[in-house]
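Sequence lines, in order, name chains F and A. Take 1 as the starting number for the first sequence in the numbering used here and just add one per residue. Take 1001 as the starting number for the second sequence in the numbering used here and just add one per residue. Think of the CB as a built atom: it goes at the ideal place given N, C-alpha and C, for glycine as much as any other residue. Notes for the one structure printed next.
There are 2 protein chains.
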Amino acid sequence: MDVSDLVIFEAVSRHGSMNRAASELNTVQSNVTARIRALEEDLGVNLFQRHPRGVSTTPSGQRILPLVARLTKLLADVRIAARDDGAPHGSLHVGSLETTTALRLSPLLTQFAKTYPDVRLIVSTGTTRKLLDDVINCRIEGAFVAGPVTHPDLCQETVFTEELVLVTSRQIRRMDELKDIADLKTIVFQAGCSYRQRLDSLLTGMGVITARPLEFGSLEAIISCVSAGIGVTLLPKGIVGPAWQDGRIAVHELPQDEGQVETLFVRRRDAFVSSAVTAFLQLARPRASGAPHAS
Amino acid sequence: MDVSDLVIFEAVSRHGSMNRAASELNTVQSNVTARIRALEEDLGVNLFQRHPRGVSTTPSGQRILPLVARLTKLLADVRIAARDDGAPHGSLHVGSLETTTALRLSPLLTQFAKTYPDVRLIVSTGTTRKLLDDVINCRIEGAFVAGPVTHPDLCQETVFTEELVLVTSRQIRRMDELKDIADLKTIVFQAGCSYRQRLDSLLTGMGVITARPLEFGSLEAIISCVSAGIGVTLLPKGIVGPAWQDGRIAVHELPQDEGQVETLFVRRRDAFVSSAVTAFLQLARPRASGAPHAS
DNA sequence: GCAATCAATCGCTATTGGAGATTAATTAAT
DNA sequence: ATTAATTAATCTCCAATAGCGATTGATTGC
């Protein structure tokens, strides 16, 4: 059993087609067919059901799919570990929430880039759900996400604590005015945004019935919509400061227990910890401010 | 980078010799040399320092060694996962303490063998230290060991709780008589036995100075020695029952907090959980008796 | 009925992995 | 000092095979 065969398997499974997998892998279809057949014979199971319009992954194939992802990651880790003599270098791919990126990451990234110029740092943004999925499936090294998180394969540590505030248009002076608004809309990033369910439960707790939430892709768009009175949203206090001072929006603080959200840095428990990761964590950890809880 | 090359690397590293690695792998030395050189070129580092009397693993090699072990395990898991359709089969290699095996495992094993005849169950015995090492390095699926255990790569659950008792010859009627014995010897299994340090700390707590412990390989030998008055030992209460009733030895109960020891079943957190493992855990778990704590 | 798309198959070739013999370097023993 | 033994490196040769290109057969959609 060869790892390259498993990589081919993964590509075929993802595309549902040997032809498309072949072109992705820069090879020919006959080759893909042969490798898959060899793999199937070696394992003694059918990995795909052949249809006239492609293939679909059998339960056997489904079972090994996550293992293949980990296998390729581990193989990459071998390469990294071999060259990693303690001086951080190579590339480091982390994820972050849109809000965390805007509010907290900038100083961290500049300092990291200055201290470790040999590391190619890549940051992708996404929702907590997507980022967790990326970490679990070894697509990124780690990510800043909104807590709490429970997953057996992940380890986490709290790096920031945000105070969430309800953001509305200037017309709304007190929170309980929201009850009087018919057809109140909530504005969130996109599906999987962890602030969204928080906002929903908060509003339901206040007796406010909310309509279907609107989704936007950027912070600026959200704030604009809120400012225009289209709906309300929930954001970290620090991030709405400028817009607040400009008088574009109104900010309503929440009771302590509902307003606190922890930003965690999560990564796979079994991932190889390169020097670059160590260095990044060192910088990201809250310095001399209480005791951060790691698990 | 090929996994087979990494396997060769592991063998060379273990033997400190390409010749010996070659004969273990049923190939020729020239082949091993070529594969190692190819691997080194691929990774861009020297994995071995060549001496006139063999090779020694460089720091780079040391770093990738544990990853290689996990890689081969993962590759084996792929094979297992592909064939594992839910009906437990294949082989299952677990470890157990000598005492746990004698005291608790027999009914579990017979029931498992009866219920799942398609599983080749293999049990090796050893000390807690050795078993943990075996589990961590993927040599066995899981093991029954004495708690507490803290290791980031392991997950554990309590399956039994043993009451440890101090076992002495019949001459000793009360525990404090031990103080009067000059040159008291302790008798334990072997280095790494977890009961050993417990026994040491217990006796030191009683003000008893102990000599160098004697080590034996079997339960029967230990009990014989204790019976003959050569020394004292610490064993689960259940296991000394027969010898106690025969009047060969004396049993002294310990205070609650010092006498309780938990037998945990540990396994790698990132290991593939086959149907066989699931079935085994199902049988091993304490049934309807309090809430076992899993982590 | 024709074009398009899919996987399977066949023959060919370049690559490569492994075997065997040899070499060079060093150590241990005589 | 010489010899024997052990080590890894190197070379050649051969067989296995991975990948390519072209083709076939089956199926779907227009």
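Check whether the region 1139 to 1155 of chain A and the region 1094 to 1108 of chain A are in contact - that is, three or more C-beta pairs closer than 8 Å. yes
Around the C-beta of A:Ser1217, are 16 or more other C-beta atoms found within 10 angstroms, so that it is buried, or is it exposed? Here residue 1217 of chain A is taken as the residue at index 217 of the second sequence, counted from 1. Checking the displayed sequence, the identity of residue 1217 of chain A turns out to be Gly instead of Ser. The residue in question, A:Gly1217, is exposed, as its Cβ has fewer than 16 Cβ neighbours within 10 Å.
Is the Cβ of F:Ser201 closer than 9 Å to any Cβ of chain A? Position 201 of the first sequence holds residue 201 of chain F. Not closer than 9 Å to any Cβ of chain A, the Cβ of F:Ser201 fails to qualify, so no.
Helix or strand or just coil, what does DSSP make of A:His1015? On the second sequence, position 15 is the one that residue 1015 of chain A refers to. Three-state DSSP puts A:His1015 in a helix.
Check whether A:Leu1164 and A:Val1232 have beta carbons under 9 Å apart: As a first step, residue 1164 of chain A is located in the second sequence; it is residue number 164 there, counting from the start. As a first step, residue 1232 of chain A is located in the second sequence; it is residue number 232 there, counting from the start. Not in contact: A:Leu1164 and A:Val1232 (Cβ atoms no closer than 9 Å).
What residue range is occupied by the uninterrupted beta strand (DSSP E) comprising A:Gly1241? Residue mapping note: residue 1241 of chain A aligns to position 241 of the second sequence, counting from 1. Taken as a continuous stretch (DSSP letters only), A:Gly1241 belongs to no beta strand (DSSP E), being part of the alpha helix (DSSP H) at 1241 to 1245.
At 7 Å on the CB atoms, spell out the chain A contacts of F:Ala81, in chain order. Within the first sequence, numbered from 1, the residue matching residue 81 of chain F stands at position 81. The contacting residues are Arg1063, Ile1064, Leu1067.
Interface flag, F:Cys155 vs chain A, CB-CB below 9 Å: Counting from 1 along the first sequence, the entry for residue 155 of chain F is found at position 155. Cβ-Cβ to chain A under 9 Å: yes for F:Cys155.
Validate contact between the region 1255 to 1265 of chain A and the region 1155 to 1163 of chain A using beta carbons, cut 8 Å, 3 pairs: Proximity of the region 1255 to 1265 of chain A to the region 1155 to 1163 of chain A meets the contact definition, three or more beta-carbon pairs being nearer than 8 Å.
When you compare only the Cα positions, how much space is there between F:Ser17 and A:Thr1150? Here residue 17 of chain F refers to the residue found at position 17 when the first sequence is read from its first residue. Here residue 1150 of chain A refers to the residue found at position 150 when the second sequence is read from its first residue. The straight-line gap from Cα to Cα measures roughly 46 Å.
So, F:Arg267 versus F:Val135, is the Cβ gap smaller than 9 Å? Along the first sequence, read from residue 1 onward, the residue named residue 267 of chain F stands at position 267. Along the first sequence, read from residue 1 onward, the residue named residue 135 of chain F stands at position 135. Yes, these two residues count as a Cβ contact at 9 Å.
Thinking C-beta only, is F:Arg248 closer than 9 Å to F:Ile223? On the first sequence, position 223 is the one that residue 223 of chain F refers to. On the first sequence, position 248 is the one that residue 248 of chain F refers to. Closer than 9 Å, so yes.
Which parts of the region 21 to 83 of chain F are runs of the beta strand (DSSP E), unbroken and 3 residues or longer, counting only runs that do not cross its ends? 48 to 51, 54 to 57
For the region 1251 to 1275 of chain A, which residues have a beta carbon sitting closer than 7 Å to at least one beta carbon of chain F? Arg1269, Asp1270, Phe1272
Exposure of A:Glu1253, with buried meaning 16 or more beta-carbon neighbours within 10 Å: Walking along the second sequence from the start, residue 1253 of chain A turns up at place 253. Exposed.
So is F:Met175 in contact with chain A if we call contact Cβ pairs under 9 Å? Here residue 175 of chain F corresponds to residue number 175 of the first sequence, with the count starting at 1. F:Met175 does not count as touching chain A.
What residues in its chain sit with their C-beta under 6 Å from that of A:Ser1275, if we drop five residues either side in the sequence? Here residue 1275 of chain A is taken as the residue at index 275 of the second sequence, counted from 1. Counting only Cβ-Cβ distances below 6 Å, and skipping sequence neighbours, we find Asp1084, Gly1086, Pro1088.
Considering F:Pro236, what are the terminal residues of the beta strand (DSSP E) in which it resides? For the purposes of this step, residue 236 of chain F is identified with residue 236 of the first sequence, where counting begins at 1. Looking at the DSSP string, the run of the beta strand (DSSP E) that includes F:Pro236 is 233 to 236.
Determine whether the Cβ of F:Asp84 lies closer than 9 Å to any Cβ atom of chain A. If you number the first sequence from 1, residue 84 of chain F lands on position 84. With 9 Å as the cut-off, F:Asp84 counts as an interface residue toward chain A.
For F:Ala81 versus A:Ser1060, is the C-beta spacing smaller than 9 Å? Numbered from 1 along the first sequence, position 81 holds the residue referred to as residue 81 of chain F. Numbered from 1 along the second sequence, position 60 holds the residue referred to as residue 1060 of chain A. Taking 9 Å as the Cβ cut-off, F:Ala81 and A:Ser1060 qualify as a contacting pair.
Rounded separation between F:Lys73 and F:Asn19 - CA only: For this step, residue 73 of chain F is matched to residue 73 along the first sequence. For this step, residue 19 of chain F is matched to residue 19 along the first sequence. Looking at the two C-alpha atoms, the distance is approximately 25 Å.
Would you report the Cα separation of A:Phe1265 and A:Met1175, rounded to the nearest angstrom? As a working mapping, residue 1265 of chain A is identified with position 265 in the second sequence. As a working mapping, residue 1175 of chain A is identified with position 175 in the second sequence. When the Cα atoms are used, A:Phe1265 and A:Met1175 turn out to be separated by approximately 32 Å.
Use the C-beta contact count for A:Arg1070: other C-beta atoms within 10 angstroms, 16 or more gives buried, fewer gives exposed. To locate residue 1070 of chain A, count along the second sequence from 1; it is residue 70. Buried: at least 16 other Cβ atoms inside 10 Å.
Roughly how many angstroms separate the alpha carbons of A:Ala1221 and A:Val1007, rounded to a whole number? To locate residue 1221 of chain A, count along the second sequence from 1; it is residue 221. To locate residue 1007 of chain A, count along the second sequence from 1; it is residue 7. Each residue's Cα considered, the two are about 40 Å apart.
Note down, one range per segment and in chain order, each alpha helix (DSSP H) of at least 4 residues found wholly within the region 1120 to 1188 of chain A. 1128 to 1136
From F:Leu332 to F:Thr128, what distance separates their C-alpha atoms? A question about residue 332 of chain F goes unanswered here, because the residues of chain F that appear run from 1 up to 295.
How would you call F:Gly207, buried or exposed, if buried means at least 16 neighbouring beta carbons within 10 angstroms? Counted from its first residue, the first sequence places residue 207 of chain F at position 207. By the neighbour-count rule (16 or more Cβ atoms within 10 Å), F:Gly207 is not buried but exposed.
Output the boundary residues of the beta strand (DSSP E) element that contains F:Arg212. The count along the first sequence starts at 1 and reaches residue 212 of chain F at position 212. Segment: none, F:Arg212 is in no beta strand (DSSP E) and carries neither H nor E.
Is A:Pro1088 close to chain F, meaning its C-beta is less than 9 Å from at least one C-beta of that chain? Locating residue 1088 of chain A in the second sequence gives position 88, where the first residue counts as 1. No, A:Pro1088 lies away from the interface with chain F (no Cβ there is under 9 Å from its Cβ).
Return helix, strand or coil for F:Ala291, following the three-state DSSP convention. For the purposes of this step, residue 291 of chain F is taken as the residue at position 291 of the first sequence. At F:Ala291 the pLDDT is 49, less than 50, meaning the model places this residue with poor confidence; the figure from the coordinates comes in the next sentence. DSSP places F:Ala291 in coil when its eight states are reduced to three.
Roughly how many whole angstroms lie between the Cα atoms of A:Leu1283 and A:Ser1106? Here residue 1283 of chain A is taken as the residue at index 283 of the second sequence, counted from 1. Here residue 1106 of chain A is taken as the residue at index 106 of the second sequence, counted from 1. Taking the straight line from one Cα to the other gives about 12 Å.
Helix, strand or coil for F:Phe265? Go by DSSP, reduced to three states. Your numbering for residue 265 of chain F matches position 265 in the first sequence. In this structure, F:Phe265 counts as strand in the three-state DSSP scheme.
Answer yes if the region 1029 to 1042 of chain A comes into contact with the region 49 to 68 of chain F, meaning at least three C-beta pairs across the two stretches below 8 Å, and no otherwise. Counting Cβ pairs under 8 Å, fewer than three are found: no touch.
Applying a beta-carbon distance threshold of less than 7 Å, which residues of chain F neighbour A:Arg1070? What you label residue 1070 of chain A is simply residue 70 of the second sequence in a count that begins at 1. Per Cβ cutoff of 7 Å: Leu74.
Considering only the alpha carbon of each residue, which of F:Thr101, F:Ser4, F:Cys138, F:Cys225 lies closest to F:Ser124? Taking the first residue of the first sequence as position 1, residue 124 of chain F is located at position 124. The option with the nearest alpha carbon to F:Ser124 is F:Thr101.
Please state whether DSSP places A:Gln1111 in a helix, a strand or coil. Here the question's residue 1111 of chain A lines up with position 111 in the second sequence. It is helical.
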